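Quick notes on the structure that follows.
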Amino acid sequence: MLSRFGLSALTRQQKLTLLIFALLNVFILGALFVLVLADTTPVVELPTTPDNSLDCAEKAAVALRQRSVAASVSVIDHQTLEVHVTGPDAAAAWEVFSMTVRLAQADCGPYPLIHIDVPDPEGHPGTRLMMELTWPQIEGWAAGRFDDGQLSQMMRRSTYQVAPIPTPAAGQ
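Position one of the sequence shown corresponds to residue 12 (the working numbering), numbered consecutively onward.
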């Protein structure tokens, strides 16, 4: 007696379809196996240009000093330009924006992020303002695509308190 559910009960077209699906499953499982076991470690590209971060930070500090802005400048991982304005004028941030554009023209940057730390514009003692801009924002401002007010609205801002420097008590 023939089995109703065996291969012999299938028509030739059904057997061919079954064979195609079996081969397709083997192919998909093989491809998944190769993907899982393949080495997916990304290739790390080493910079082809020498690290000029220190030179660029020095150029920025000199450019600010020439504009009578007391500030310290550092470049972090070729990605962020950090400027800490030590002078009392928060409006010095606009000089920093201009200096950033001049730096890019001197093969320093452009840096994707620019952090500027200035004294509180409202003059609250012990308070500082941290501004964060991106290169496209500063580049657009320099090109005249938007004015000072628009740039000011685009930047991320946060204020923070500076702890007072402890001084020794008199008579100790």
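Glycine residues also receive a C-beta, built at the ideal position from the N, C-alpha and C atoms.
In this text, all values refer to a predicted model and were calculated from it rather than measured experimentally.
- Counting along the chain, S64 sits inside the alpha helix (DSSP H) bounded by residues 64-77.
- Taking a cut-off of 8 Å on C-beta distances, the segment 115-122 does not touch the segment 99-106, as fewer than three cross pairs fall below it.
- The shortest CA-to-CA distance from L140 to any of V73, L48, T170 is the one to T170.
- For T97, DSSP assigns no beta-bridge partner whatsoever.
- According to the DSSP assignment, M141 belongs to the beta strand (DSSP E) that extends over 138-145.
- Less than 9 Å separates the beta-carbon of S83 from that of V94.
- In the structure shown, R156 adopts coil according to DSSP, grouped into three states.
- For Q90, the secondary structure class from DSSP, reduced to helix, strand or coil, is coil.
- Per DSSP, L124 is one residue of the beta strand (DSSP E) stretching across 124-130.
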